[in-house]
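Structure, as structure tokens:
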Amino acid sequence: MFKKTTAFLPLFLGMVFVGFSQETKVYTHDDKDYQDALALYNNEQYQAAQTIFAKVKNSTDNLETKANSAYYEANAAVRLNQLGADRLMEDFVEKYPTSTKRNSAFADVAEYYFETGKYPYALKWYNKVDQNALSRKEMDKFNFNYGYSLFSSGKQKEAERYLDKVSDSPVYGSQAKYYMGYISYQQDDYEEANQRFDEINDPELLEEKLSYYQADMNFKLGKFEEAIALAKQQIPKSDRTEKSELNKIIGESYFNLNQYANAIPYLEQYRGKRGKWSNTDYYLLGYSYYKQGDFANAIQQFNKIIGGTNSVSQNAYYHLAECYLKLDKKQEALNAFRNASQMDFSPEIQKDAYLNYARLSYEIGNAYEPVPQVISDYLEKYPNDSHTQEMQELLVDSYITSKNFAGAMELLEKNRGFASKATYQKVAYYRGIELFLDGDHAGASEALQKSLDSAEDMLFKARASYWKAESDYLLNRFDEALANFLAFRQNPMASSTEEYKELNYNLAYTYFKLRDYPKAISNFTDFTDSGSNDTQKLYDGYLRLGDSYFVTRKYWPAIETYNNALALSGPQKDYAAYQKAMSYGFVDKRDTKIEELDRFVSAYPKSTLKDDALFELGNTYVSTGREQQGLQTYDRLIDEYRGSSLVPQAMMRQGLVHYNASRNERALGRFKSVVRDFPNTQEAVQAVATAKLIYVDMGRVDEYAAWVKDLDFVEVTDSELDNATFESADKQNLEGKKEAAIRGYEKYIQQFPNGLHSIKANFNLAQLYFAKGQKEKALPHYKFVADKGGSEYGEQALTRVCEIYIGNNDYGNALPYLERLEATADIQQNRTFAQSNLMKGYYQQKNYDQTLAYAEKVLSTSSIDNRIKSDAQIMIARSAIATGDVAKAESAYEEVLKIATGETAAEALYYNAYFMNQSGEYENSNNAVQKLAKDYAAYKEWGGKGLIIMAKNFYALGDAYQASYILESVIGNFSQYPEIVSEAKGELVIIKAKEAKSNSSVDPGN
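Under UniProt numbering, the first residue of the sequence shown is numbered 1, with each subsequent residue one higher.
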């Protein structure tokens, strides 16, 4: 009878022993109950026998019968598996120490536990047996049973000693040699195991299992042909588990003989340990497919090897990368080569993997680290490699193709020898353009100057000159801008660039800013005569050309030019119409001016210039003697535009009209209204002065004195000192003595906080501080001007207040000023600035309804640049994400992708990948992440978030290796973004938990 004790190892017990001999008549002929109990016991009716033995034990006076009854009672309890049976037997031994059954008791109980497979219990009782009291036959039986009990309890060293004692026994010898052989087999002593197995002559044992062990040992000894033959011989006689192991032996043997086609069917039949394969199992089958050129199946096996950190894994990842390349899956190949290059089990594989990792990084981009850094690290690690020249060439190009210009510049600044001057020139140029697009015009100018300082390529020199000029222009460095525009024009390559088409327009604007109007006229004329297809820019060119004529008092050419602008289709005709009307006034066509202004007011009811038009219309009516119409027009302006800086001027004009007509009371009323509603303005000062004349004329000087006494901005006795103090500071400013001017304005404001010139002093002081970059010092002075309202500096000051708060990311304080700017701005650009930042401010405060409302306002504004459009679409998208409106978010991000640059484009591309992942478009989603890695590597946070999407895509596509490797790389490379790392860890735990169910090499908790 044979019993198994492991999944595939049969362990054969010795003979089933009859535990107890028939009781002799010497002990039983006097006691019928005792005899009946003994008969029941021998018929295995232990419960009934036990009851009678207990009765006999308590009633007989025969000591030996009492002892025997106690003995059988305890034995029955053991066989019935009763609680406390051991205690009964121990009580017997203790109470009857001279009983002849003492040693038999120990042996019988031990053998019972042995027979029932409870080997640790058997050992406990075998240890009590007096071996000296056993016969030779009993000793063989004891040694085998005791040895096997030790073996089954995991005490193989001790077991071997007892089994060896019966190795020559005709009864136990074959089984003892089998177990001793198996002990050697488990200890990897295959020579000894083979020797012991060869000595077995029991045909049943030989038939049953030895072929399995011998096949396995031959495999482990490298005798693969013998292993295959023995395993194939054993398969028909084996159960399912053993067949799985034998298939593994045959498959691995063929693998080691390089017979991969033969290996595949056997490796596929392997079922794993407890239903799980290991990383090595996947490698063997994957490599066999790989050698057969079946790369798709090879990938399916290799990519199940997760978290491997040994030579097998390094080999697997390297070959996995090769398979991906064969199937043109370059992103997957990059990850696998990177993984193999990070292991040093095989330096040759590591180096070749690193080489391929660098090549692929150059080709498709790299979200983990800058491509130039990858190639530079390779060159540093392998300085004398045969591929050095190739890597140097890739390094040169990678600065541009990776678009990681910030990292490239940093690297080149430290290692100028890594690239030629021409390459440095290109990198600095692209970095400058990148900074320009991000709105960092100072940084752009600096980078472009570095490009020009290393100029060798004339085409890039031309472009750098142009964009440096643009940067300097936006920094109000008009002289430098002009010099670079002219340098661009003189470059022989300039005419072949796209930028050349814009040269006359930009030169004209630069001359215009420098007030060199004749040259501005010349260049604007060249531009407008060029036949530009950009209607909006052509319209603007006509406007500025008209303005240049206007400023130089060439009003008829100005009128003609404004008419050219008005003839174009498109928005914002109001300015041209207004300027045209004004020009008629300067050629003494005042009636025509009135007609044009009247037409303007009707045609452009929402124009920001409507208040100007009404003011000029009122002035012109008055100057042509139509005072009543003039006064009515002023009233219309005052009623419709209470926040306009022209309102106090209109009120002053009304007062003057009444004063000149000797309507003194009405004039005084108007002047007092100006003082009351617009204190601290120049109009208020003028109103006080004119009112004084009326009071003097009317002989009511006391009334005047009482009135001005309550006006805090009028310090009658100190007016001369007020004027002198301001003029002193202003003179320093006009002469360019900025520090002296700052001290002078500070002194004036301190002495005359509400003085006649307090608004202008505060504004000029703010401007000086702002120009020095001391924006916090400028802020209170800008706020003073902005809060007064109504002055000619009000809108500019209000814009600066908003700009400073926004620069500090302080939207809480910025919002009220932005709302005021939107409501009062005359300049459309300032209104758009207010709306776009109100949009951002409300988003920051999580007021998504207002964010969306302002985004729509921004998008409805004509002629805004793409950067502002993309900001609005981003705000729509982010608000939609925050409110769960996925469809709206997806639509908005699609719009952003069409026009965005820089980080905004990176964000949009990430969400493009995210939405495709959500809709199950995993391959397309991965393509978007690859584009994000290649084109926007500088924005690492979005790259890290994109990699998590890519990991999810790969897992959904059944590629657990790619998914887990990407997540591990994110965890190791994005520590500066804890939220990204936390998400990656969470996803990795989920994947490992799932994969651990089928892969024994995966630790789900690590």
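The beta carbon of each residue, even a glycine, is placed where N, CA and C say it ideally should be. Note that the coordinates shown come from a computational prediction; the quantities given were computed from them, not determined experimentally.
Exercise. Determine the burial state of residue 556: buried for a count of at least 16 other Cβ atoms within 10 Å of its Cβ, exposed for fewer.
Key: exposed
Quiz prompt | Element boundaries [alpha helix (DSSP H), containing residue 432] | solution = 421–437
Self-check item: Residue range of the alpha helix (DSSP H) that includes residue 682
Solution: 682–698
Quiz item: Alpha carbon to alpha carbon, how far is residue 77 from residue 124?
Solution: 17 Å
Quiz item: With burial defined as no fewer than 16 other Cβ atoms inside 10 Å of the residue's Cβ, what is the status of residue 335: buried or exposed?
Solution: buried
Quiz prompt | Cα-Cα separation between residue 362 and residue 968, rounded to whole angstroms | solution = 22 Å
Exercise. Within the same chain, show all residues whose beta-carbon is closer than 8 Å to that of residue 23, passing over the 5 residues directly before and after it, in chain order.
Key: Low confidence applies here, because residue 23 scores a pLDDT of 45, under 50, leaving its location unreliable and the question unanswered by this model.
Exercise. Could you please give the first and the last residue of the uninterrupted alpha helix (DSSP H) stretch that includes residue 387?
Key: Note, residue 387: premise wrong, no alpha helix (DSSP H); not H, not E.
Quiz item: Under 8 Å, do residue 948 and residue 979 count as touching if we go by C-beta distance?
Solution: no
Exercise. Ignoring anything shorter than 4 residues or poking outside the region 214–252, list the alpha helix (DSSP H) runs there in chain order.
Key: 224–234
Quiz item: Among residues of its own chain, excluding the 5 on either side of residue 752, which ones have a beta-carbon nearer than 6 Å to its beta-carbon?
Solution: 722
Quiz item: With a cut-off of 8 Å, do at least 3 Cβ pairs link the region 643–663 to the region 624–631?
Solution: yes
Quiz item: Within 10 angstroms of its Cβ, does residue 997 collect 16 or more other Cβ (buried), or is it exposed?
Solution: exposed
Practice problem: Helix, strand or coil for residue 999, going by three-state DSSP, please let me know. | Solution: strand
Exercise. Classify residue 155 as helix, strand or coil using the three-state DSSP reduction.
Key: coil
Quiz item: With 16 other CB atoms within 10 Å as the buried threshold, where does residue 886 fall?
Solution: exposed
Practice problem: Take residue 794 as the anchor and find which of 837, 760, 849 and 72 has the nearest alpha-carbon. | Solution: 760
Quiz prompt | Distance, residue 562 Cα to residue 914 Cα | solution = 51 Å
Exercise. Count the C-beta pairs between the region 518–535 and the region 837–852 that are closer than 8 Å, then say yes if the count reaches three, no if not.
Key: no
Quiz item: When the Cα atoms are used, what is the spatial distance from residue 251 to residue 280?
Solution: 13 Å
Quiz item: Does the distance from the CB of residue 790 to the CB of residue 647 come in under 8 Å?
Solution: yes
Self-check item: Limits of the unbroken alpha helix (DSSP H) element including residue 312
Solution: 311–326
Exercise. With residue 526 as the anchor, note down where its alpha helix (DSSP H) starts and where it stops.
Key: 517–528
Self-check item: Whole runs of the alpha helix (DSSP H) within the region 718–791, excluding any shorter than 4 residues
Solution: 719–734, 738–751, 758–771 and 775–788
Quiz item: How long is the line joining the alpha carbons of residue 299 and residue 957, rounded to whole angstroms?
Solution: 12 Å
Quiz item: Which residue's Cα is closest to the Cα of residue 269: 580, 480 and 243?
Solution: 243
Exercise. With residue 824 as the anchor, note down where its alpha helix (DSSP H) starts and where it stops.
Key: 811–824
Quiz item: By the 10 Å Cβ neighbour count, where 16 or more other Cβ atoms means buried, how is residue 100 classified, buried or exposed?
Solution: exposed
Practice problem: Can you have a look at residue 733 and say buried or exposed, based on whether 16 or more other CB atoms are within 10 angstroms of its CB? | Solution: buried
Quiz item: Is the region 856–864 in contact with the region 899–912, if contact means three or more CB pairs nearer than 8 Å?
Solution: no
Exercise. Identify, in the order they occur along the chain, each residue of the same chain with its Cβ nearer than 6 Å to the Cβ of residue 992, setting aside the five sequence neighbours on each side.
Key: 1002 and 1004
Exercise. For my contact list, residue 456 and residue 422 are in at a C-beta cut-off of 8 Å; report their separation, rounded to the angstrom.
Key: 4 Å
Exercise. Measure how close the beta-carbons of residue 936 and residue 909 come, nearest whole angstrom, since I'm counting them as under 8 Å.
Key: 7 Å
Exercise. Tell me where the alpha helix (DSSP H) around residue 281 begins and ends.
Key: 279–291
Quiz prompt | Collapsed DSSP secondary structure at residue 273 in the structure displayed | solution = strand
Practice problem: Rank 308, 108, 349 and 295 by C-alpha distance to the C-alpha of residue 329 and give the top, closest one. | Solution: 295
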